[in-house]
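A short write-up of the structure that comes next.
There are 2 protein chains.
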Amino acid sequence: MKSALHFLVAARQCEIGELEQLMRTSTLVNLLGRFIHALQKERGLSNIVLASAGARGSEARAAQIAECERIAREVRDGFDHLDTTAQRVGQGARLFSRIAYVLQGLDALPALRERITALAIGPEAATAAFMKLVVGLLAVVFEAADSATDPEISRLLVAMFNFMQGKELAGQERATGVAAFGTGASDPQRQQHWLHLIESQERCFQVFAEFAPAVPLALWHEAGTADATLAVIERLRRVGCTAPAGAPLDTELSETWFDAATRRMDAMQIVETQLATDLLQQCENKIADARTTLQAQQALLEALPPSPQAAGPDASAFFESAAPAEPPAASFGPHLDRSVLELVQDQSQRLQAMQGELETVRAALNERKTVERAKGLLMARRQLSEGDAHKLLRQTAMNQNRRLVDVAQAVLAMADLLPPAPPAEH
Amino acid sequence: MKSALHFLVAARQCEIGELEQLMRTSTLVNLLGRFIHALQKERGLSNIVLASAGARGSEARAAQIAECERIAREVRDGFDHLDTTAQRVGQGARLFSRIAYVLQGLDALPALRERITALAIGPEAATAAFMKLVVGLLAVVFEAADSATDPEISRLLVAMFNFMQGKELAGQERATGVAAFGTGASDPQRQQHWLHLIESQERCFQVFAEFAPAVPLALWHEAGTADATLAVIERLRRVGCTAPAGAPLDTELSETWFDAATRRMDAMQIVETQLATDLLQQCENKIADARTTLQAQQALLEALPPSPQAAGPDASAFFESAAPAEPPAASFGPHLDRSVLELVQDQSQRLQAMQGELETVRAALNERKTVERAKGLLMARRQLSEGDAHKLLRQTAMNQNRRLVDVAQAVLAMADLLPPAPPAEH
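The listed protein sequences correspond, in order, to chains A and B.
Each residue of the first sequence is one higher than the one before, starting from 18 at the first, in the working numbering.
Each residue of the second sequence is one higher than the one before, starting from 18 at the first, in the working numbering.
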């Protein structure tokens, strides 16, 4: 029969297994960050090509497509190297399902690119298509952040996910600005969307700042003050967002805006890389620590006699309130029994504290989960696709000038007023 | 390279793996329920022996100890059959750590029993000792409920956990009533504790009623109306809880109370067994369903050519908003490409909806998590043991006549006012 110590050792082994899994996931997250950055650049260049009817940006776009393809191969490789053996990964179902979705997007990229080259698609539709793929990639990162069982690594993944999401919103803002200046006339609906993107971005970076460690945070503050890029961005935001409906906008500003927004995103990429480095370092440290403790516990396990009552005659201390007992006079070494009992209590207290921290960190992910729940409800009750449900929520938030999460909460609170779900199909 | 469909299949395999794991855990939960019931009975009989200074209950207690030992062997067997291979079980660390704790308690039981036989321990201390073990066993059940990734099974486990917890509180109430009538005099502090136990029980059974399926729920309502037991209990609760401080209580009522409370707990055990049956049935159904779907997906996978673009030429539909595309004229069968894309989207929507439901169900576990977080904070900041932290919270709740979770929330909100944590040790 297995003793308490056997299960303590098994618990440690689980922790190490989970940490190793987190390390692999973190490596993948890092790679996905690089891929998203490349796709964001390709999206920007595609817009320039489409807006200029092929006159500008084609060469840079071709080079960027090659770069994207190179990283896409790495991403596919990374997916291939994930351990998909059933039962090996907790919460694997959602992660793998997200990956299946992304792979569909990757497979569809060549056809999208052909349509862009043939100018057979508008810039807004092209932006929306790239967005769909990036959103799918971010969902993979979200699953990684949500599955972390170590609070410190979870903190880093929450910071990472929010930073990546903020960066993607910055990319969407870049496209919106290019379109606004490019058309040469102010449009209130686009202005509203633009302001919404600025606000959502800021919320993401706030969460990032709350959870990020010192070095990437310092890099981030530095990026905000070191050069004049941000001043240009703020000036053009003001020009673009405050012009009265129909007022002319200087089309020359389109390029100025694109360059400044691109410099800003490149600076973000540096912060993101630093965050990824910290993440991997943290995983390595944690694994090394856990292995050291495991070795000590295994040594103890081997020193104990193989009996069901392996915890020894002093186990009765279990029912004592506090007050340290006398060291037991056991045959297999002094303090050994006592130390098993203490080990169990220490580990139990440590996991308890970890769980508490983890819940606190994960609360930062709850906003997204609320939105997802509201989306799920709309999908089920109103027969909407995921995309349409999201659009409906976002549009309502914009129209009512409320945060997305507040609208989502309202939807959930009103659940009973929505039409009932149709019979479930299998 | 693996295609989208590969990952869809892997996601299904994960789901099946998780369901199988849930089935094993549910079997264990069922066994733990029977063991807790036996321990509760042993606790009650031990109290009778101690209260009568060995004059009554000794024979029944000896038989009950034999019964407990028999089930304890089954429990140890059940633990032994859990798959503790590292990485195989998500969130295994916490589960195994809880089990290690329980095993310590099992090892310490013989010594506790000797002290009871020798009348070397008071009834209250004996009750507290058994409680400690039961609380440890309930923590194993909680981890099982918290790790379920299927919302319907999670519902059942939440119902089960709350029912078991309510039943344990009923057991503690039985002991409190026996002590109250046994001493023959009313004590305001004991009355307060008694009322607290009634209130906490009712909250547990409310959650149970919210999540339980029809059959066990009907059994539960029936148990509340079918016989006169509940009327006896309510009358004795009134007598015991409203007597003025120091007023005499009829010691004869001790036995009447014990018998009625025992009948009530036996009725609860029947509900719990029904719930366990439903739980296992639900696991079996889900596994069978998932296997059928998996077979269909695997057949589809084998029909596809092994190319990285295995999702086929129609993958471009990925970027279409809605509007069904024409069936593709692919070489490997009509509708095949389209169906992979649809499969990915269906699965993604299904997991989305499941996740939403799961979050809703798990919210019912958050109350306990809030208490655990507050406990963790007190342990870290005030250097308390887990038991002392719990006692402090419970005592504060009783003194202020507030719910435990409200006190826990207040503690968390005041975190900044507590002394800072000492430097962490490894």
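Ideal Cβ positions, reconstructed from N, Cα and C, are used throughout, including at glycine.
These numbers come from a predicted model, not from an experiment.
Check, Outcome
"Touching by the beta-carbon criterion (3+ pairs, under 8 Å), the segment 296-316 of chain B and the segment 178-196 of chain B", "no"
"Supposed close pair residue 186 of chain B, residue 214 of chain B - CB separation, criterion 8 Å", "5 Å"
"Positions along the segment 163-176 of chain A whose CB lies within less than 9 Å of some CB in chain B", "164 and 166"
"Residue 58 of chain B: first and last residue of the uninterrupted alpha helix (DSSP H) it sits in", "21-68"
"Counted within 10 angstroms of its Cβ, other Cβ atoms place residue 295 of chain A as buried (16 or more) or exposed", "buried"
"Residues near residue 177 of chain A by beta carbon distance below 6 Å, same chain, minus five either side", "292"
"Residue interval of the alpha helix (DSSP H) (run including residue 238 of chain B)", "231-242"
"Reference residue 166 of chain A; option with closest CA among A/217, A/29 and A/118", "A/29"
"Closer than 8 Å to chain A by CB, residue 18 of chain B", "yes"
"Contact list for residue 84 of chain B against chain A, beta-carbon separation under 7 Å", "Here the premise fails: no neighbours, minimum Cβ distance about 19 Å."
"Listed by chain order, chain B residues near residue 136 of chain A by CB distance under 8 Å", "Simply none; closest approach about 16 Å."
"Identified DSSP bridge partners for residue 261 of chain B", "Answer is none; residue 261 of chain B lacks a bridge partner."
"Any alpha helix (DSSP H) of 4 or more consecutive residues that is wholly inside the segment 78-159 of chain A", "109-134"
"Chain-order list of residues whose beta-carbon lies under 8 Å from that of residue 315 of chain B (same chain, five-residue window excluded)", "26"
"Own chain, CB closer than 8 Å to residue 299 of chain B, minus 5 neighbours either side, in chain order", "169, 170 and 173"
"Residues that residue 202 of chain B bridges to, as DSSP identifies them", "B/265"
"Candidates A/362, A/58, A/87 and A/287: closest to residue 234 of chain A by CA position", "A/287"
"Coil, strand or helix - residue 167 of chain A by DSSP", "coil"
"Interface partners of residue 370 of chain A on chain B, CB under 7 Å", "393, 396 and 397"
"Contact set between residue 303 of chain B and chain A, taken where Cβ atoms lie within less than 7 Å", "Simply none; closest approach about 11 Å."
"8 Å Cβ cutoff, residue 373 of chain A in contact with chain B", "yes"
"Whole-Å CB distance - residue 203 of chain A paired with residue 263 of chain A, under 8 Å assumed", "6 Å"
"Exposure label - residue 231 of chain B; buried when at least 16 CB within 10 Å", "exposed"
"Closest by C-alpha distance to residue 78 of chain B, when choosing among B/114, B/124 and B/134", "B/134"
"Residues of the segment 121-136 of chain A with Cβ closer than 7 Å to any Cβ of chain B, in chain order", "121, 122, 124, 125, 128 and 129"
"Interface residues of chain A facing residue 25 of chain B [CB-CB closer than 8 Å]", "113, 114 and 117"
"Rounded straight-line distance, which links the Cα of residue 48 of chain A to that of residue 57 of chain A", "14 Å"
"Given residue 484 of chain A as reference, the closest of A/392, A/400 and A/397 once Cα atoms are compared", "Only positions 18 to 443 of chain A appear in the structure, and residue 484 of chain A is not among them; the question remains open."
"Euclidean distance between Cα positions of residue 267 of chain B and residue 198 of chain B", "6 Å"
"Any C-beta of chain B under 8 Å from that of residue 289 of chain A", "no"
"Touch test, the segment 52-67 of chain A against the segment 147-157 of chain A, Cβ-Cβ under 8 Å, three pairs minimum", "yes"
"Buried versus exposed, by CB contacts within 10 Å (16 or more), residue 87 of chain A", "exposed"
"DSSP state of residue 402 of chain B mapped onto helix, strand, coil", "coil"
"Supposed contact pair residue 386 of chain B and residue 376 of chain A - C-beta distance, whole angstroms, cut 8 Å", "6 Å"
"Closer than 8 Å to chain B by CB, residue 21 of chain A", "yes"
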